[in-house]
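Residue numbers (the numbering used here), protein chains in the order written: chain W, 78 to 468; chain F, 78 to 468.
Reviewing the structure listed below.
There are 2 protein chains.
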Amino acid sequence: MVAIIGVGHSKFGNRRDVSIPELAWEAIKPALDTANIEQKDIDFFVIGTAGVWSSEAAVAPLIAEYAKLEPAGSMRVEAACATGSAAIRVGYTAIKSGEADVVLILGIEKMQESTNPIVIELIGRFGNFFWEFENFGLTFPAYYALYATAYMAKYNASEEDFARVAVKNHFYGARNPYAQFQKEITIEQALNSPYISWPFKLFDCSPITDGASAVIMVSDDKVKEWKIDERVFILSQGVGTGTANLSKRDNFTSLKSAVYAAEIAYRKAGIDIDNPCKYLDGANVHDCFTSAEIIAYEDLRFAKRGEGVELIREEQTYIGGKIPVNVDGGLKAKGHPIGATGVSQAVEAYKQLLNKAEKGRQIDVVNGKYLTHNIGGTGHYAYVTIYGLER
Amino acid sequence: MVAIIGVGHSKFGNRRDVSIPELAWEAIKPALDTANIEQKDIDFFVIGTAGVWSSEAAVAPLIAEYAKLEPAGSMRVEAACATGSAAIRVGYTAIKSGEADVVLILGIEKMQESTNPIVIELIGRFGNFFWEFENFGLTFPAYYALYATAYMAKYNASEEDFARVAVKNHFYGARNPYAQFQKEITIEQALNSPYISWPFKLFDCSPITDGASAVIMVSDDKVKEWKIDERVFILSQGVGTGTANLSKRDNFTSLKSAVYAAEIAYRKAGIDIDNPCKYLDGANVHDCFTSAEIIAYEDLRFAKRGEGVELIREEQTYIGGKIPVNVDGGLKAKGHPIGATGVSQAVEAYKQLLNKAEKGRQIDVVNGKYLTHNIGGTGHYAYVTIYGLER
Numbered sequence: 078m079v080a081i082i083g084v085g086h087s088k089f090g091n092r093r094d095v096s097i098p099e100l101a102w103e104a105i106k107p108a109l110d111t112a113n114i115e116q117k118d119i120d121f122f123v124i125g126t127a128g129v130w131s132s133e134a135a136v137a138p139l140i141a142e143y144a145k146l147e148p149a150g151s152m153r154v155e156a157a158c159a160t161g162s163a164a165i166r167v168g169y170t171a172i173k174s175g176e177a178d179v180v181l182i183l184g185i186e187k188m189q190e191s192t193n194p195i196v197i198e199l200i201g202r203f204g205n206f207f208w209e210f211e212n213f214g215l216t217f218p219a220y221y222a223l224y225a226t227a228y229m230a231k232y233n234a235s236e237e238d239f240a241r242v243a244v245k246n247h248f249y250g251a252r253n254p255y256a257q258f259q260k261e262i263t264i265e266q267a268l269n270s271p272y273i274s275w276p277f278k279l280f281d282c283s284p285i286t287d288g289a290s291a292v293i294m295v296s297d298d299k300v301k302e303w304k305i306d307e308r309v310f311i312l313s314q315g316v317g318t319g320t321a322n323l324s325k326r327d328n329f330t331s332l333k334s335a336v337y338a339a340e341i342a343y344r345k346a347g348i349d350i351d352n353p354c355k356y357l358d359g360a361n362v363h364d365c366f367t368s369a370e371i372i373a374y375e376d377l378r379f380a381k382r383g384e385g386v387e388l389i390r391e392e393q394t395y396i397g398g399k400i401p402v403n404v405d406g407g408l409k410a411k412g413h414p415i416g417a418t419g420v421s422q423a424v425e426a427y428k429q430l431l432n433k434a435e436k437g438r439q440i441d442v443v444n445g446k447y448l449t450h451n452i453g454g455t456g457h458y459a460y461v462t463i464y465g466l467e468r
Numbered sequence: 078m079v080a081i082i083g084v085g086h087s088k089f090g091n092r093r094d095v096s097i098p099e100l101a102w103e104a105i106k107p108a109l110d111t112a113n114i115e116q117k118d119i120d121f122f123v124i125g126t127a128g129v130w131s132s133e134a135a136v137a138p139l140i141a142e143y144a145k146l147e148p149a150g151s152m153r154v155e156a157a158c159a160t161g162s163a164a165i166r167v168g169y170t171a172i173k174s175g176e177a178d179v180v181l182i183l184g185i186e187k188m189q190e191s192t193n194p195i196v197i198e199l200i201g202r203f204g205n206f207f208w209e210f211e212n213f214g215l216t217f218p219a220y221y222a223l224y225a226t227a228y229m230a231k232y233n234a235s236e237e238d239f240a241r242v243a244v245k246n247h248f249y250g251a252r253n254p255y256a257q258f259q260k261e262i263t264i265e266q267a268l269n270s271p272y273i274s275w276p277f278k279l280f281d282c283s284p285i286t287d288g289a290s291a292v293i294m295v296s297d298d299k300v301k302e303w304k305i306d307e308r309v310f311i312l313s314q315g316v317g318t319g320t321a322n323l324s325k326r327d328n329f330t331s332l333k334s335a336v337y338a339a340e341i342a343y344r345k346a347g348i349d350i351d352n353p354c355k356y357l358d359g360a361n362v363h364d365c366f367t368s369a370e371i372i373a374y375e376d377l378r379f380a381k382r383g384e385g386v387e388l389i390r391e392e393q394t395y396i397g398g399k400i401p402v403n404v405d406g407g408l409k410a411k412g413h414p415i416g417a418t419g420v421s422q423a424v425e426a427y428k429q430l431l432n433k434a435e436k437g438r439q440i441d442v443v444n445g446k447y448l449t450h451n452i453g454g455t456g457h458y459a460y461v462t463i464y465g466l467e468r
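Right under this line is the structure:
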């Protein structure tokens, strides 16, 4: 068993006020503090970053030096927008295999090192750059809009339905001091915002964000040796890969890689795939665009096919509903610093399960299980992780 | 226990004749064939690539689609020039932890997507770009030259000593059909080649290379279930990290991260750190520059401090000597496609231990143990891995 015993999170947003190592330290410092350890206790660390925004190609050693992490071994991992979860996986398997005992996982991105429209092009490279971006001009809003329009057509969903996701996630972002947007919005504001790529308007899209998040993971032996009470275990993880070309997808109302990853994660955690909400107290899903959250409800079996949209209409993914989702604001309002997102989801799982979430956004912990769903590209990578209070 | 049961290797060199997925397939296909498995048997794959040479940021999904690897989970890893070994580590821990059974590790780099002098600048970014490259103009030959001159001054080594390493590695490269340079050189040729960064001349430097290499790793259970005879086990791995700034190094005749990584690897494999050559039949070390091979001899304890240069003078690292090193041509003659190098070293360990190396470059397998040493940056990352015939 592998446990998370410490977490840290920088303020997400425009962070031109700090350097990359300084931003990293904003997450590393509180992670060390909550875990009650020092740098020398860490025997392996993993840095998740897409890192194409600056000319500095190798930020991991810079961070290591600034945070005094050497000589412990390290590497960088990348899985597009699922980079943070890939980093979690490397730490998880390092400990579970016995190759490490105390691991720091840092997710970080400083996207605003680039400026518009360059940053949009750089994000676009994490699709199929030379074919779909260069030939057809598909940027990420356009990629996901293909899925949104297919969903609208097949299941009678509307732009208003998508706007409801934005309203929910801004509602909770307003209660998260680390969120990029800490402001509630109305459905009218969302619907009246300018179009980015139909049917997406400004409020359907996650923003360009700088941020860092960190967790300290240890072996079960260390939990016992150090007599740690406040910890969350990783119960299982499922990982899937999708085609590079969207033209090769056979379905635009589901991400096959996410369905595949969820099935593995549920099976390994002993969760009934036909009724996962009975086992889970809450979830973070990859709402890079509002419609993606609704499709995630279905890929994760929170709702049957075509009925995900009902969950948001009936406010079933607010706290008190069938399953609270993204009550930290999600990618939409908390922000989406690519490499940090998956680690930020792990931070949220830890906080929610241990009743440490801020006022107005703490879920009820009944079953002691929490799910995170992190997508890279347009389903090019899918990582589903289940966290739990009990071994 | 984790075993390598299949290997593949593309021709290294200028590979403008193929696309990145095609180059990958040149390594993946023979790896599948020697392992006698199909793509559907793979439940996780890891792609190691630095990948800054082209605008295509996300080559892993492109390769996955071309090689028909989805829906199995995947990620990309990067650790500068130790990227391939970092990928090995992720596969190794995934299997050892029980999270995967059959893993494909691919290392790939297509550096000649860029042209000079851009490629030199891009490589330079894997040091400390904004500080040491931008301020002081340090490219990689210059970084390593700082170590070479310190070694020369402290231990009375000469340019001729460094040239001997080039002569040896070209001697073996000439016997490796996958090597970029399959041509022997004389010590006069090496000494008369033009200076790149004193004391390094052209023949002291590893080249810009395109290439791919792949291994298939499985759990011990699979080795038994599939009744596999031809396999080598990963006995141990040590990993270390060094400072980002060379100005913070306290010693320029050793890489601290490599010493740290070697100690861990030896201890975990039960190898006497004071006499590792007694246990090892051969090794591949990171000879990005000729002097780096000599310093590696000492960091790995093949020789005492200051006596590494004796090993090459006495031809003790040729086949038949104390410990054969880089008898595939090393980075110097085989070539150094950054992400592929660490995986290529694993391919070499497999071939040597199973007596599959080409004529004129097969070592004597006595103890059944082989070491690989892979450095990222200038010791920013160090990976030392021990392979063995017996569990």
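Each residue gets a CB set at the ideal place from its N, CA and C atoms; glycine is no exception.
Original post:
the segment 206-230 of chain F: which residues have C-beta closer than 8 Å to a C-beta of chain W, in chain order?
Top reply: Phe206, Phe207
Original post:
Which residues bound the beta strand (DSSP E) around Met479 (chain W)?
Top reply: Chain W is shown from 78 up to 468; residue 479 (chain W) falls before or after that span and cannot be answered.
Subject >> Asp298 (chain F) burial status per 10 Å Cβ neighbour count (16 or more: buried) >> reply: Counted from its first residue, the second sequence places residue 298 (chain F) at position 221. Flag for Asp298 (chain F) reads exposed.
Original post:
Skipping 5 residues on each side, what residues in its chain have a beta carbon closer than 7 Å to that of Val285 (chain F)?
Top reply: Here residue 285 (chain F) refers to the residue found at position 208 of the second sequence. In the sequence as displayed, the identity of residue 285 (chain F) is Ile instead of Val. Excluding residues within five positions, the ones whose Cβ falls inside 7 Å are Met188, Gln189, Val196.
Original post:
What does Leu139 (chain W) reach in chain F if we use C-beta pairs closer than 7 Å?
Top reply: Here residue 139 (chain W) is taken as the residue at index 62 of the first sequence, counted from 1. By Cβ distance, chain F contributes Asn205, Ala321.
**OP:** On a CA-only basis, which of F:Phe213, F:Ala256, F:Ile273, F:Trp275 is nearest Leu323 (chain F)? Give me that one, please.
**Re:** Taking the first residue of the second sequence as position 1, residue 323 (chain F) is located at position 246. Minimum Cα distance to Leu323 (chain F) is reached at F:Phe213.
**OP:** Measure from the alpha carbon of Ala149 (chain F) to the alpha carbon of each residue in F:Gly175, F:Val179, F:Arg166, then state which is nearest.
**Re:** Counting from 1 along the second sequence, the entry for residue 149 (chain F) is found at position 72. When each option's Cα is compared against that of Ala149 (chain F), the closest is F:Val179.
Original post:
Between the segment 389-397 of chain W and the segment 337-351 of chain W, are three or more C-beta pairs nearer than 8 Å?
Top reply: no
Original post:
Taking the continuous beta strand (DSSP E) assigned at Ala238 (chain W), which residues delimit it?
Top reply: On the first sequence, residue 238 (chain W) is found 161 positions in, with the first residue counted as 1. Residue 238 (chain W) is actually Asp in this sequence, not Ala. Unbroken run through Asp238 (chain W) is the alpha helix (DSSP H), 236-250; no beta strand (DSSP E).
**OP:** Use the C-beta contact count for Thr170 (chain W): other C-beta atoms within 10 angstroms, 16 or more gives buried, fewer gives exposed.
**Re:** For the purposes of this step, residue 170 (chain W) is taken as the residue at position 93 of the first sequence. With 16 or more other Cβ atoms within 10 Å, it is buried.
Subject >> Under 9 Å by beta carbon: chain F residues contacting Val362 (chain W) >> reply: What you label residue 362 (chain W) is simply residue 285 of the first sequence in a count that begins at 1. Per Cβ cutoff of 9 Å: no residues; Val362 (chain W) is ~18 Å from chain F at best.
**OP:** Please name the residue, chosen from F:Arg378, F:Thr320, F:Tyr143, that lies closest to Thr455 (chain F) on a Cα-to-Cα basis.
**Re:** Your numbering for residue 455 (chain F) matches position 378 in the second sequence. The residue with the shortest Cα to Cα distance from Thr455 (chain F) is F:Thr320.
Subject >> Min CB distance Tyr337 (chain W) to chain F below 7 Å >> reply: Residue numbering aside, residue 337 (chain W) sits at position 260 when the first sequence is read from its first letter. Answer yes: the Cβ-Cβ gap between Tyr337 (chain W) and chain F drops below 7 Å somewhere.
Original post:
Listing by chain order, which chain F residues have their CB less than 8 Å from the CB of Ser421 (chain W)?
Top reply: Position 344 of the first sequence, counting from 1, holds the residue named residue 421 (chain W). Within 8 Å Cβ-Cβ: nothing; Ser421 (chain W) doesn't reach chain F, min ~18 Å.
**OP:** Give the secondary structure of Cys365 (chain W) by DSSP, where H, G and I count as helix, E and B as strand, and everything else as coil.
**Re:** In the first sequence, the residue the question calls residue 365 (chain W) occupies position 288. Residue state, collapsed to three classes: coil.
Original post:
How about Asn246 (chain W) and Asn403 (chain W): are their beta carbons less than 7 Å apart?
Top reply: Numbered from 1 along the first sequence, position 169 holds the residue referred to as residue 246 (chain W). Numbered from 1 along the first sequence, position 326 holds the residue referred to as residue 403 (chain W). Yes, they are a contact pair.
Original post:
According to DSSP, is Leu430 (chain W) helix, strand or coil?
Top reply: In the first sequence, the residue the question calls residue 430 (chain W) occupies position 353. In the structure shown, Leu430 (chain W) sits in a helix (DSSP, three-state: H, G or I).
Original post:
What did DSSP end up calling Phe379 (chain W) once you bin it into helix, strand or coil?
Top reply: Within the first sequence, numbered from 1, the residue matching residue 379 (chain W) stands at position 302. Three-state DSSP puts Phe379 (chain W) in coil, outside helix and strand.
Subject >> Of the listed residues F:Gly416, F:Tyr232, F:Asn253, F:Phe203, nearest to Glu375 (chain F) (C-alpha basis) >> reply: Here residue 375 (chain F) refers to the residue found at position 298 when the second sequence is read from its first residue. It is F:Tyr232.
Subject >> Pair within 7 Å by beta-carbon distance, Phe289 (chain F) and Ala104 (chain F) >> reply: Position 212 of the second sequence, counted from the first residue, corresponds to residue 289 (chain F). Position 27 of the second sequence, counted from the first residue, corresponds to residue 104 (chain F). Note that residue 289 (chain F) is Ala in the sequence shown, not Phe. Yes, they are a contact pair.
Original post:
Would DSSP call Gly201 (chain F) helix, strand or coil?
Top reply: Mapped onto the second sequence, residue 201 (chain F) falls at position 124. Correct three-state label for Gly201 (chain F): helix.
Subject >> Uninterrupted beta strand (DSSP E) stretches inside the segment 444-468 of chain F (no shorter than 3 residues) >> reply: 446-453, 458-465
Original post:
For Gln257 (chain W), which residues does DSSP report across the bridge?
Top reply: Taking the first sequence and counting its residues from 1, the one referred to as residue 257 (chain W) is at position 180. Gln257 (chain W) is not bridged to any residue.
Subject >> Among W:Asn253, W:Val244, W:Ala230, nearest to Ala267 (chain W) - alpha-carbon criterion >> reply: To locate residue 267 (chain W), count along the first sequence from 1; it is residue 190. Per the Cα distances, W:Val244.
Original post:
Quick check: the segment 309-319 of chain F against the segment 442-456 of chain F, are there 3 or more CB pairs under 8 Å?
Top reply: yes
Subject >> Buried or exposed by the 16-neighbour rule on C-beta atoms within 10 Å, applied to Val136 (chain W) >> reply: Within the first sequence, the letter at position 59 stands for residue 136 (chain W). Buried: at least 16 other Cβ atoms inside 10 Å.
Original post:
In chain order, what residues of the same chain lie with their CB nearer than 6 Å to the CB of Gly385 (chain F), ignoring the 5 residues before and after it?
Top reply: Position 308 of the second sequence, counted from the first residue, corresponds to residue 385 (chain F). Result list for Gly385 (chain F): Ile371, Tyr374, Glu375, in chain order.
Original post:
Name the chain W residues that come within less than 8 Å of Pro148 (chain F), Cβ to Cβ?
Top reply: As a first step, residue 148 (chain F) is located in the second sequence; it is residue number 71 there, counting from the start. Correct list: Gly317, Thr318, Gly319, Lys333, Ser334, Tyr337.
Original post:
Nearest-angstrom Cα distance between Glu209 (chain F) and Phe203 (chain F)?
Top reply: For this step, residue 209 (chain F) is matched to residue 132 along the second sequence. For this step, residue 203 (chain F) is matched to residue 126 along the second sequence. Those two C-alpha atoms are separated by around 11 Å.
Subject >> Inter-residue spacing [alpha-carbon to alpha-carbon] between Ala417 (chain F) and Gln257 (chain W) >> reply: Position 340 of the second sequence, counting from 1, holds the residue named residue 417 (chain F). Position 180 of the first sequence, counting from 1, holds the residue named residue 257 (chain W). So the alpha carbons of these two residues sit roughly 39 Å apart.
Subject >> Bridge partners - Thr318 (chain F), DSSP secondary structure assignment >> reply: The residue you call residue 318 (chain F) lines up with position 241 of the second sequence. Per DSSP, F:Tyr458.
Subject >> 6 Å CB neighbourhood of Val424 (chain W) in its chain, flanking five on each side removed >> reply: Translated into the one-based positions of the first sequence, residue 424 (chain W) becomes position 347. So the list reads Val84, His86, Ser290, once near-sequence residues are dropped.
Subject >> Cβ neighbours of Thr367 (chain F) in the same chain (closer than 6 Å, five flanking residues each side left out) >> reply: As a working mapping, residue 367 (chain F) is identified with position 290 in the second sequence. Excluding residues within five positions, the ones whose Cβ falls inside 6 Å are Phe239, Val242, Ala243, Asp281.
**OP:** Taking only the alpha-carbon atoms, compute the straight-line gap between Glu186 (chain W) and Phe217 (chain F) and give it to the nearest angstrom.
**Re:** Sequence index remark: in the first sequence, residue 186 (chain W) carries index 109 (1-based). Sequence index remark: in the second sequence, residue 217 (chain F) carries index 140 (1-based). Going by the C-alpha atoms only, they are around 26 Å apart.
Original post:
Near Gly445 (chain F), what residues of its chain come up, given a Cβ to Cβ distance below 8 Å and the 5 sequence neighbours on each side ignored?
Top reply: The residue you call residue 445 (chain F) lines up with position 368 of the second sequence. Cβ within range, chain order: Asp358, Leu430, Gly465, Leu466, Glu467.
**OP:** Measure the CB-CB distance between Arg153 (chain W) and Ile124 (chain W) and report whether it falls below 7 Å.
**Re:** Stepping through the first sequence from its first residue, residue 153 (chain W) is reached at position 76. Stepping through the first sequence from its first residue, residue 124 (chain W) is reached at position 47. Yes, the Cβ-Cβ distance between Arg153 (chain W) and Ile124 (chain W) is below 7 Å.
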